[in-house]
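Below is one structure, written out as structure tokens; the observations come after it.
Chains as they are written, first to last, in this note's numbering: chain P, 1 to 179; chain L, 1 to 179.
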């Protein structure tokens, strides 16, 4: 049976720059109770940007939570009241320098619905125009360019290990298969 | 330039049942500093379980962080010192009742490396034997069965919205394409 959990109490633990943490006490069937630890996140965008010669643009970036340099699609947090498409164009420009008029939404999903409300919006950007990157003050990133086959190989070898990047590339590959 | 961030200070904010939260102060180039909010998670497994008649087993479950009933592959948190394959077999049994001797690792990835260290291990389970589910005391779940084409359709329609489930199904679809 699927049961919707009613909140009995909500305790705010932390309010931060990227995330907040609260702990909800919820009611379960048969007068039972449980705690749910919840990370609040404003949502994010990821951009699968494909150059005119059909290369996917990826960024290399040190990720403190995993203490590793990861290969990811350009991405970033949605600012308050920001339109997700404009956010995608802004992050693409900031992280890679590219801009475009051809950008469409591919999909959206929850990254970790077990403990967070983060929604990830994936855009496909094509017909790219080159320009200068404008990274945030605390961002140190480097672009790389891979063909779809190279990207698929890096996923299957475990070199690309970021979920939004894997979803975006597999979804794009699947679209290619259809067309 | 890609730069590895050295930790100067680490402040523990919360230690919970599923997640911990800490805030690290890190050193950036040019004697600059920044804060990194980090969710510690023990890691999780997700199981793409395929029945003898080629149906994927999915579970419907209310997810408090997003206040929605979601359709997901069976999944769960790794217990301390638990082997990931045994964890996958345990979660499959608990949530669906099925067991098997034919289980292989498909892939692993970081769910949200921007703010968490959670690793997700995806297993493919086949040759399933039916049995009784043994859900946790605070778990209320329901199984559904979809063909690969039905699952792909539910992804493209946005009915399936969980990232690990999307990755597992797209990766499986891609394997099918190759074989």
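Note that beta-carbon positions come from the ideal geometry of N, C-alpha and C, so glycine has one too. Keep in mind the model is a prediction, meaning the values are calculated, not measured.
query: For residue 127 of chain P, is the classification buried or exposed, using 16 other Cβ atoms within 10 angstroms of its Cβ as the cut-off for buried?; result: exposed
query: Give the DSSP-derived three-state secondary structure of residue 25 of chain P in the structure shown.; result: strand
query: Take every Cβ of the region 33 to 41 of chain L, pair it with every Cβ of the region 107 to 123 of chain L, and state whether three or more of those distances are shorter than 8 Å.; result: yes
query: Might you give, ordered along the chain, the residues of its own chain that have their beta carbon closer than 6 Å to the beta carbon of residue 161 of chain L, omitting 5 neighbours on each side?; result: none
query: When the cut-off is 9 Å and only beta carbons count, does residue 84 of chain P lie next to chain L?; result: no
query: Below 8 Å, how does it come out for the region 17 to 27 of chain L and the region 52 to 65 of chain L: are there three or more Cβ pairs, yes or no?; result: no
query: Below 7 Å between beta carbons is the criterion; list the residues of the region 52 to 81 of chain L that meet it against any residue of chain P, in chain order.; result: 60, 61, 62, 63, 64, 65, 66, 69, 70
query: Measure the Cβ-Cβ separation of residue 207 of chain P and residue 120 of chain P and say whether it is below 9 Å.; result: Nothing in the structure corresponds to residue 207 of chain P, since chain P is present only between 1 and 179.
query: Under 7 Å Cβ-Cβ, which residues of chain P neighbour residue 143 of chain L?; result: Chain P residues near residue 143 of chain L: none, gap ~11 Å exceeds 7 Å.
query: Bridge partners of residue 68 of chain L, per DSSP?; result: L/63
query: Helix, strand or coil for residue 2 of chain P, going by three-state DSSP, please let me know.; result: coil
query: When you compare the region 79 to 87 of chain P with the region 126 to 140 of chain P, are there three or more beta-carbon pairs, one atom per stretch, that lie closer than 8 Å?; result: no
query: When DSSP labels each residue in this structure, what does residue 170 of chain L get in the three-state scheme?; result: helix
query: Once the 5 residues before and after residue 5 of chain L are set aside, which same chain residues still bring their CB inside 6 Å of it?; result: 26
query: On the three-state DSSP scale, how would you describe residue 96 of chain P?; result: helix
query: Let me confirm a value: residue 137 of chain P is counted as buried when at least 16 other C-beta atoms fall within 10 Å, else exposed. Which label applies?; result: exposed
query: Would you mind giving the Cβ-Cβ distance between residue 168 of chain L and residue 70 of chain L, rounded to the nearest angstrom? I have them listed as a contact below 8 Å.; result: Between residue 70 of chain L and residue 168 of chain L the Cβ distance is about 14 Å, and since that is not below 8 Å, they are no contact.
query: State the DSSP-derived secondary structure class of residue 9 of chain L, mapped to helix, strand or coil.; result: strand
query: Exposed or buried, which one is residue 21 of chain L when buried takes at least 16 other CB atoms within 10 Å?; result: buried
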